[in-house]
Structure formats: C-alpha cells, structure tokens
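Q: Per UniProt numbering, residue 1 is the first one in the sequence shown, and the count goes up by one each step.
Here a beta-carbon is modelled for each residue, glycine too, at the ideal position from N, C-alpha and C.
Since the model is a prediction, treat every value here as computed from it, not as a measurement.
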Amino acid sequence: WVHLTPWHIFSFFSFVCLAGDGQVVQMDSVKSGFVGSQVELRCVFVNSNPPVKVSQVTWQKLLNGTKQNVAIVNPVLGVSVLSPFRERVSFKQATVRHQMSSLEDTTIVFSNLQLSDEAAYICEYTTFPAGNRENMVNLTVYAQPQTRMSLTSTTIVAKTPRRKMTVATCMAANGKPPSVIKWETRIKGDATYQETRNQNGTVTVRSNYQVTPSRETHKQKLTCIVTYRGERITESVVLNVQYEPEVKIEGFDGNWYLNRQTVQLTCRADANPPVTIYQWKLLNGSLPSNVEIKNNTLFFKGPVTYDLAGTYVCDATNAIGTRTGVVDVNITDFPTNPPNNHGIQQEQHSAGVVIGGAVGGVALLGVAAVLLFIFLRRRQRTFKGDYNTKKHAFGNGYSKAGGLPAHPSKPKNLPYPDDSDDEKKPTQIGSTGGFEPSDRNFDTESEDLKRPYFTVDEGESREYDERTLGFQYDPEPEIVDDMISQTDGSVISKKEWYV
C-alpha cells in the first residue's frame, strides 16, 4: 500500500477534473535571458467545449515562497501592471492590451531584463463556473562577464637578484555563472586564481600570472582565455621587459699574425633600452696608439704588431645598468690558418687521396699475381694421381750409402699374358743374391745409388737382366718431359715428386 497524503489526493482530483473539463494552461517550463535583454513568458489558455468564461488572468512572481503580483487583465476593468514591473512588462497580444474580450493568449514580455527578475512566474486563469486554472515557468537570468587583461606595469624591469613578479592580470567580472580562466604562453610561470561573489549574485574571477623577468621573456606573448558557458574569449599582451646589456666582443678569430692588415674589434650588446655608452680599455695597460674608436668598434690601423696583444674590455651601459665584455688577443709570427692556401691544401689532400688509392690498387694486384704464381707452381709439382706406372723402383728406402736389395736365390720364369709384347718376356733372377760383376759397373752408377729414390724404364739402354724385378705392369707410353732435374744431378718424375 502506498501512503497518500491529502496533497496527493487533491492533486489527483485536480488532474482528473482538468482532464475531464479539458481546460489547459500552456506554458514553457523554463526560460532564460541575459541581463539587459528581452524575454517572453508564454501563457495560452485552451478552453473546453462547451467553453467556460474567463473572468480574469493574473501573473505572479514566486520567490522564496512569497507571491508578488506582476500584471492583471480583466475583460471589464482592463489591464494593470504593478510596480516595479510597470516600465518593463507588457502583454504581447494587442487584443489584451486593448481590453478586448479574447483572453486565450496572455503572454507577457520582459524588457531590459535584470538579475532581480530571476524567479518562478505563475499564470493563473479565473474561470466561471470551472474555477481557477494555472501553470508556472522558471526564469533564469544570466550575466555576461566583463573580461579584461592588462599588464601590471607598462615597464617590467629584470632586476638582480632575479625574483618572480606579477606581470599580467586577467579578469572576468560580474559574471553569472562564474567564468573559467586559463593562460596560454611559452613563458614559464605560475598563475593564481581568485573568485569574488557580488551582492547581486554575480561572480568576479581574477587571475594573476607571475614570471621571473629576464632577457628571454622580453617580447613574449601572453594570452588569457576566458570560457563562459561554452564561449571562448581571448585577449593577449606582449611583455616589454627592460634588462641590462648582454655584451660580447667580436672580431678576434685567433689568427692575428705579424703584418696582417685590417683587423678590428666590435662590441655587440643586446639591451632594452638600447645601449647609450660604449667604453673601451686594455686591461693592465692603455690602448695602442694606432687604434681608432668609432661607436662600438675598435679599428687597428696599419699592420699587426706585438703591441696589439692583450686583454680588451668593453663596457656597455643603458638605463638599467652596465655590463662588460672581454676578449684575449694574442699575436703569432705566422698565420695558423692561411686563408689563401685553404683551397690549395684541399686540392692537395684530394690529389693525395687519389694517388694513394691508385698505388694501393697496384700493390694489391701485384700481391695477388705473386700468390697466384706460387699456387700454380706448387700445384704443378704436386702428385695426386695413381702410382700404377710403368716404372721399376730401385734403391727405395736406402740412404746414400745403402746396399743393394736382396733377390731370390732361384730363377723363376714369370709368364706374361698371351697378348704381351717382347718387352714383357720373362727374365731370370740370379741365384747368387746379387748381380754378376761382369754385368754392371757400379762406379758409373754410384751417383744413382746415392739418391734415396729413383725409377728406371724397362726400355732404357741399360740391361739389368737377372737384377730386374719380375713385376708385371700394364703398358703405358713413356713421358720424357715428365722428368725434373735435382740439385745433385739426378732426375725424378713429376708425378712422383711428393709420393
């Protein structure tokens, strides 16, 4: 069960009666406007069928639970607008203003809207015999803020020691609802914010921007952005910061040598306001006699001498203060970087690079050719083939003084295949274990015996008879050019060089 209060029951029956009777007062639920503008509060009566008679319409202001009559229209007595609305409130329809009988549309118009006009407004119709019918609208009044941005001072001075100071102020005054302030700048600084609520319901927002004045902040842009009900209002200023001169001396390139012509020193100063006085001096001495001073420049007449060496000082002064620039000048006997030879040196360097590259390439080709020759030479001397040659070994494995190998004691006939030639006929092996003295002359072959290894063809002019080993070989043509001479006078086959 739902607990129903008397108010709920009354509202329910009122709605039923209204719906049953068909009389409706049509109004907007909310309306708004800015201070000084004009706004309409609509009120239209929808009559029933059969219609009821409207005897009077009353507009009332409801504020803090209190009702205040604003305007009354009576078909017989006419129109009445009460003070203090008399000068600013009127009925929109001419039929109402001229006291005509039609009162269906009793919309009123507020002119020169004020903050005090913000309230709830009731439009009440008195009818016969239905009784009273009413509706209500809430009026909101806005106040556009007055924005302003300003520098705290037309002249901002960068002092020593450096301290933060307020350089600009941004304000959104008398706004309703309150505004939001933000800063946009490349200057590093801090912002402070303050809100003040005024008696008329408006709010003033104030923001200060603080920076440390310096040469870097001079001519920097500072923008204040005020946001009010989605609208962006921007205003900018450019800082004018005054500071002492920043001084440096130009002209000495580190290459002042004896007899050099046309040298000078210039004192450069960045200052706000500009420098008014330049003063030159030579530390621990006086300026050379051949010096001419023009504004901020020292001109040295004649060739460079040792007298020009020293520490030169330039004092630059403006309305804020004085700062100093220093340069040490030393004189050399000869130029360190001759300007005329720079191009020649560059050319020589380029030519040297080209020549060096060519020589390196030729040397690399020479080394490659030598290595290729050695590789081919060693390959020519290396035997990697088959030892199945048509040779007989003699003296293998013996030193230079080694004896003759032992042979079998009995002769044997070793038959060859039927297709063998005459050169392959069997020979006998002697039984004495050596050669017959009459068969060989060892004096003539002493050099051969000294070789650790040598071979003899079967077709050679010497006859070995019984000393010839009776091994059988396949036929192979003789290769005379395959022999290589040794340092001891002997020869050896290329194929057997490294076997």
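Roughly how many angstroms lie between the CA atoms of S207 and G36, to the nearest whole one?
A: The sequence position of residue 207 within the sequence shown is 207, counting from 1. The sequence position of residue 36 within the sequence shown is 36, counting from 1. C-alpha separation (whole angstroms): 27 Å.
Q: Do you know how far the Cα of N74 is from the Cα of S55?
A: As a first step, residue 55 is located in the sequence shown; it is residue number 55 there, counting from the start. As a first step, residue 74 is located in the sequence shown; it is residue number 74 there, counting from the start. So the two alpha carbons sit approximately 6 Å from each other.
Q: Report the partner residues of Q38 according to the DSSP bridge assignment.
A: Counted from its first residue, the sequence shown places residue 38 at position 38. BP columns for Q38 are empty, so no partner.
Q: List, from N- to C-terminal side, the beta strand (DSSP E) runs of 3 residues or more that fit wholly inside the UniProt domain "Ig-like" (245–332).
A: Within the UniProt domain "Ig-like" (245–332), the complete beta strand (DSSP E) runs of at least 3 residues are 263–272, 277–282, 291–294, 297–300, 310–317 and 322–329.
Q: Once DSSP output is grouped into helix, strand and coil, what is the label at T196?
A: Translated into positions along the sequence shown, residue 196 becomes position 196. In the structure shown, T196 sits in a strand (DSSP, three-state: E or B).
Q: In whole angstroms, what separates the C-alpha of T305 from that of V327?
A: The residue you call residue 305 lines up with position 305 of the sequence shown. The residue you call residue 327 lines up with position 327 of the sequence shown. The straight-line gap from Cα to Cα measures roughly 17 Å.
Q: Does V46 pass the burial test, meaning 16 or more other C-beta atoms within 10 Å, or should it be called exposed?
A: Position 46 of the sequence shown, counting from 1, holds the residue named residue 46. That one is exposed.
Q: So which of L308, T266, L115 and A271 has the shortest CA-CA distance to G285?
A: Here residue 285 refers to the residue found at position 285 of the sequence shown. When only C-alpha atoms are compared, the closest one is L308.
Q: Given a cut-off of 8 Å, decide if L63 and N200 are closer than it, judged by their beta-carbon atoms.
A: The residue given as residue 200 occupies position 200 in the sequence shown. The residue given as residue 63 occupies position 63 in the sequence shown. Not in contact: N200 and L63 (Cβ atoms no closer than 8 Å).
Q: If you count every other CB in all the chains shown that lies within 10 Å of the CB of G360, and 16 or more means buried, which is it?
A: For the purposes of this step, residue 360 is taken as the residue at position 360 of the sequence shown. Burial call: exposed.
Q: Using the three-state DSSP reduction, which class does T152 fall into: helix, strand or coil?
A: Residue mapping note: residue 152 aligns to position 152 of the sequence shown, counting from 1. Coil at T152, not helix or strand.
Q: E246 to A269, Cα distance in whole Å?
A: Working through the sequence shown from its first residue, we reach residue 246 at position 246. Working through the sequence shown from its first residue, we reach residue 269 at position 269. Computed Cα separation, rounded: 5 Å.
Q: In chain order, what residues of the same chain have a beta carbon less than 6 Å from the beta carbon of A120, not counting five sequence neighbours either side?
A: Against the sequence shown, residue 120 aligns to sequence position 120. Result list for A120: L62, M136 and N138, in chain order.
Q: Three Cβ pairs or more, each shorter than 8 Å: is that satisfied between the stretch 277–294 and the stretch 313–323?
A: Output reads yes: the stretch 313–323 touches the stretch 277–294.
Q: For T196, which option in V329, K176, W183 and V211 has the closest C-alpha, if you only look at C-alpha atoms?
A: For the purposes of this step, residue 196 is taken as the residue at position 196 of the sequence shown. Among V329, K176, W183 and V211, the Cα nearest to that of T196 belongs to K176.
Q: In the DSSP assignment, find the beta strand (DSSP E) that holds A168 and state where it starts and stops.
A: Indexing the sequence shown from 1 puts residue 168 at position 168. Where A168 is concerned, the enclosing beta strand (DSSP E) stretches over M165 to G175.
Q: Can you tell me which of I374, E244 and V291 puts its alpha carbon nearest to the alpha carbon of T266?
A: In the sequence shown, the residue the question calls residue 266 occupies position 266. The shortest C-alpha separation from T266 is found at V291.
Q: What are the residues that DSSP puts in a beta bridge with V211?
A: Translated into positions along the sequence shown, residue 211 becomes position 211. BP columns for V211 point to M165.
Q: Report all residues from its chain with a CB closer than 8 Å to the CB of Q23; omit the five preceding and five following residues, and keep chain order.
A: For the purposes of this step, residue 23 is identified with residue 23 of the sequence shown, where counting begins at 1. Result list for Q23: F45, V46, N47, S48, V52, Y125, T127, A130 and R133, in chain order.
Q: The beta strand (DSSP E) with C224 in it runs from where to where?
A: On the sequence shown, position 224 is the one that residue 224 refers to. Start and end: K221 to Y228.
Q: Please work out which residues of its chain come closer than 7 Å, Cβ to Cβ, to E184, disregarding the five sequence neighbours upstream and downstream, and give them in chain order.
A: Within the sequence shown, the letter at position 184 stands for residue 184. Here the set comprises T223 and I225.
Q: Sorry if obvious, but does the Cβ on G189 come closer than 7 Å to a heavy atom of the ligand NAP?
A: The model on display carries no ligand, and the ligand NAP is accordingly not part of it.
Q: Note the first and the last residue of the continuous beta strand (DSSP E) segment covering Q23.
A: Stepping through the sequence shown from its first residue, residue 23 is reached at position 23. First-last for Q23: undefined, no H or E at that position.
Q: Would A271 and N318 qualify as a contact pair, given that the criterion is a beta-carbon distance under 8 Å?
A: As a first step, residue 271 is located in the sequence shown; it is residue number 271 there, counting from the start. As a first step, residue 318 is located in the sequence shown; it is residue number 318 there, counting from the start. In contact: A271 and N318 (Cβ atoms closer than 8 Å).
Q: Just confirm the distance between the C-beta atoms of V39 and F85, as a whole number of angstroms; I'd bet it's less than 8 Å.
A: Counting from one through the sequence shown, the residue named residue 39 turns up at place 39. Counting from one through the sequence shown, the residue named residue 85 turns up at place 85. With a Cβ gap of about 13 Å, V39 and F85 do not count as contacting.
Q: Between the C-alpha atoms of T297 and Q264, what's the straight-line distance to the nearest angstrom?
A: Locating residue 297 in the sequence shown gives position 297, where the first residue counts as 1. Locating residue 264 in the sequence shown gives position 264, where the first residue counts as 1. Cα-Cα distance, rounded: 7 Å.
Q: Measuring CA to CA, which of E104, F300 and F34 is closest to Q144?
A: Working through the sequence shown from its first residue, we reach residue 144 at position 144. Cα-wise, what sits closest to Q144 is F34.
Q: By how many angstroms is the C-alpha of A158 removed from the C-alpha of residue 500?
A: Residue 500 lies beyond the range of the chain shown here (1 to 499); nothing can be said about it.
Q: Out of curiosity, what's the CA-to-CA distance linking E347 and G189?
A: As a working mapping, residue 347 is identified with position 347 in the sequence shown. As a working mapping, residue 189 is identified with position 189 in the sequence shown. Its pLDDT being 47, under 50, E347 is placed unreliably by the model, and nothing is read from it.
Q: Could you tell me the alpha carbon to alpha carbon distance between L258 and Q210, rounded to whole angstroms?
A: Locating residue 258 in the sequence shown gives position 258, counting from the first residue. Locating residue 210 in the sequence shown gives position 210, counting from the first residue. If I take the Cα positions, the gap works out to 55 Å.
Q: Which term fits G254, buried or exposed, when burial requires 16 or more other beta carbons within 10 angstroms of its beta carbon?
A: Numbered from 1 along the sequence shown, position 254 holds the residue referred to as residue 254. It is exposed - the Cβ of G254 has fewer than 16 other Cβ atoms within 10 Å.
Q: Which residue or residues does DSSP assign as beta-bridge partners of L131?
A: Working through the sequence shown from its first residue, we reach residue 131 at position 131. It is Gly, not Leu, that sits at residue 131 in the sequence shown. DSSP lists T127 as partners of G131.
Q: Return the bridge partner residues of residue 547 from the DSSP annotation.
A: Shown here, the chain extends from 1 to 499; a query on residue 547 therefore has no answer.
Q: With a threshold of 6 Å on Cβ separation, who are the neighbours of Q26 within its own chain once the five nearest residues in sequence on each side are excluded?
A: The residue you call residue 26 lines up with position 26 of the sequence shown. Closer than 6 Å at the Cβ level, and outside the excluded window around Q26, lie V44.
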